[in-house]
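Mapping the sequence shown onto my numbering, position 328 (from 1) lands on 328, and the numbers just tick up by one.
Scroll down for the structure; my scribbles are underneath it.
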Amino acid sequence: LSEEIRFKTTLDRGLKLLDEALVDVPEGADLPGETAFKLYDTFGFPLDLTQDALREKGRGVDTDGFDAAMEDQKAKARAAWSGTGAAADAAIWFDLLDQHGVTEFLGYETEAAEGQLLAIVSGSDAVDSANKGDKVILVFNQTPFYGESGGQVGDAGTLRTDSGSATITDTKKVNGLFLHMAEVTEGTITRGQGTELVLDHGRRSTIRANHSATHLLHEALREALGDHVAQRGSLNAPDRLRFDFSHGDGLSAAQIQQVDSQVNAMIRQNTPVDTRIMTPDDARAIGGQALFGEKYGDEVRVVSMGRAPTGKGADGQTWSLELCGGTHVRQTGDIGAFVTLGDSASSAGVRRIEALTGQAALDYLQEQDKRLNDAALALKAQVADVPARVKALIEDRKALTNEVAQLRRELAMSGGASAAPTEVKIINGMSIKSQVMQGVTGKDLPAMIDEMKADLGSGAVLLIADSDGKAAVAAGVTADLTDKISAVDLVRAAVVELGGKGGGGRPDMAQGGGKDASNAAQAIAAAEAVLAGA
């Protein structure tokens, strides 16, 4: 019945388009071949139906023009063929597609099937056979192996013939042609042979669980963040899933928790995952979400899962409803569990979530639990008390760090950490106090300069911290002198002698650094020269 309805839709649409096309054709003349080809190529209306419809009107079709348009389209497709990135020339794949047509995909219903081996490609050549150890690309008339597309990675598995066997490591899909990357593991395989194709069940199971979870994640994000969320890329692999979506800001911990909870709630529903075939327009009319990067033909697969009063679907009770050509679980419960690993920026206005499902999710949670227990053991605390104990330790460490920094500054101010005595000079009518110090860091210098500026009352301060041979330099100028001399100029002059570049800040406080603290005396002299020329 579904096939009949779709055929009637195609027929009605084609007849309407044909009537519109005849308006520009002189009475009694044949329909131009280019127009007939457009009906076929663009709208899926076969040539024989066009001929039947016109025969009732006493007209025909310029079949020579149709054939010419067909050949022209093939020539353009051949020229635009982008290939697969495999070693073989793109022309080989085009010729195979032209000769055999698209590969029939059986993988929605089965994980094992028989198929005829149509082609064996080794390097850039089509060959008749392949022996043990050969790495080749195989093309069959039909296959249960999913070809990588729509974010879902290709299937892997095995094949067997009467004379040999091979391992299929990956499957690609190019313009409807499924390319099986294989290595012959036993005997010989020959073009034209019948083959038994069996995909890796465990691998397929985890891939489809991740793919179905991606649909649930998409809808959970829309509920948590808003209807502006739309897919911008995805990866459904055996070990994880990745989902890129349109959103400007990072997700909060509460939002991630909400998304996780919603997805797992739909998994626990264990409702059937339904797939229907319909036109793209009909799919969108019932709320189906089209996915980024997908190209849709006259018919699309519409995947629905989860029950909620969201108003989607024909019954208004479907939670997730998306157009998708990938493979999916039979029940949402087959996903097992879902856990988000984190949220990060993918590009401008696009966020990325990585997540795990099933056993991988449980393994991750168990590892996190082990880490928490290890932390509790190290802290000699109960697991529930770990956050409070860690917070207390951080606060204690911060207090101790501040105390150590204060002690270093006090030691330096007293001269105990100085590599050179404190000097106060009068240059160009202004006081400058310079000092080279050990045991302090660049972060300590601004606070020390503020204290020295207060002691000076009016003047400039230049401090150089010598840390393992590298130098940090800072300068300060009291407010009454910033219209005459800038701390930035003092630092930039000193930095050059220390093997550094630049330096910056404000007129009253500036900092910089260099590679060689041994030239501290020259750096001080350079800063004093700036003061002298002010």
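For every residue, glycine included, the Cβ atom is placed at its ideal position computed from N, Cα and C.
query	result
So for L462, helix, strand or coil by DSSP?	strand
For G250, I'd like the list of residues in its chain whose CB is within less than 6 angstroms of its CB, leaving aside the five on either flank, ordered along the chain.	D343
Opposite M181 in the DSSP bridges: which residues?	I137 and D170
Whose C-beta lies closer than 8 angstroms to the C-beta of P309 among residues of the same chain, with five residues either side of it excluded?	G316 and Q317
Kindly confirm or deny that the stretch 349-356 and the stretch 235-251 touch, where touching means at least three C-beta pairs closer than 8 angstroms.	yes
Compute the Euclidean distance between the alpha carbons of S518 and I485, then round it to the nearest angstrom.	26 angstroms
Drop a sphere of 10 angstroms on the beta-carbon of K443, count the other beta-carbons inside from all chains shown, and report buried for 16 or more, exposed for fewer.	exposed
Going by other Cβ atoms of all chains shown within 10 Å of its Cβ, with 16 needed for buried, is R397 buried or exposed?	exposed
Consult DSSP for T312 and reduce its assignment to one of helix, strand or coil.	The displayed chain sequence assigns Lys, not Thr, to residue 312. Three-state DSSP puts K312 in a strand.
Whole-angstrom Cβ separation of G504 and K515, contact assumed at under 8 angstroms?	That belief does not hold up - the Cβ atoms of G504 and K515 are roughly 18 angstroms apart, past 8 angstroms.
Going by C-alpha to C-alpha distance, which of G115, I449 and V436 sits closest to N141?	G115
Below 7 angstroms CB to CB, which residues in the same chain sit around K501 once its five sequence neighbours on both sides are set aside?	V495
Helix, strand or coil, according to DSSP, for R351 in the structure here?	strand
Going by DSSP in three states, L106 sits in which element: helix, strand or coil?	coil
With DSSP collapsed to three states, give me the class of Q142.	strand
Three-state secondary structure (DSSP) at I277?	strand
Just grab the DSSP bridge partners of E114 for me.	E196
On the DSSP bridge list, what partners appear for P272?	Q331
Determine whether the beta carbon atoms of A475 and A465 lie at a separation below 8 angstroms.	no
Reducing DSSP to helix, strand and coil, say where S518 ends up.	helix
Taking DSSP as the reference, what is the three-state secondary structure of E223?	helix
Leaving out five residues on either side along the sequence, give the residues of the same chain with a beta carbon under 6 angstroms from the beta carbon of G513.	A472 and G500
Ignore the nearest five residues each way along the sequence and tell me which others in R307's own chain have a CB closer than 8 angstroms to its CB.	Q269, T271, Q317, T318 and W319
With 16 as the cutoff for other CB atoms within 10 Å, does R232 come out buried or exposed?	buried
So the candidates are G187, S431, L321 and L362; which of them puts its Cα closest to the Cα of D535?	Residue 535 lies beyond the range of the chain shown here (1 to 534); nothing can be said about it.
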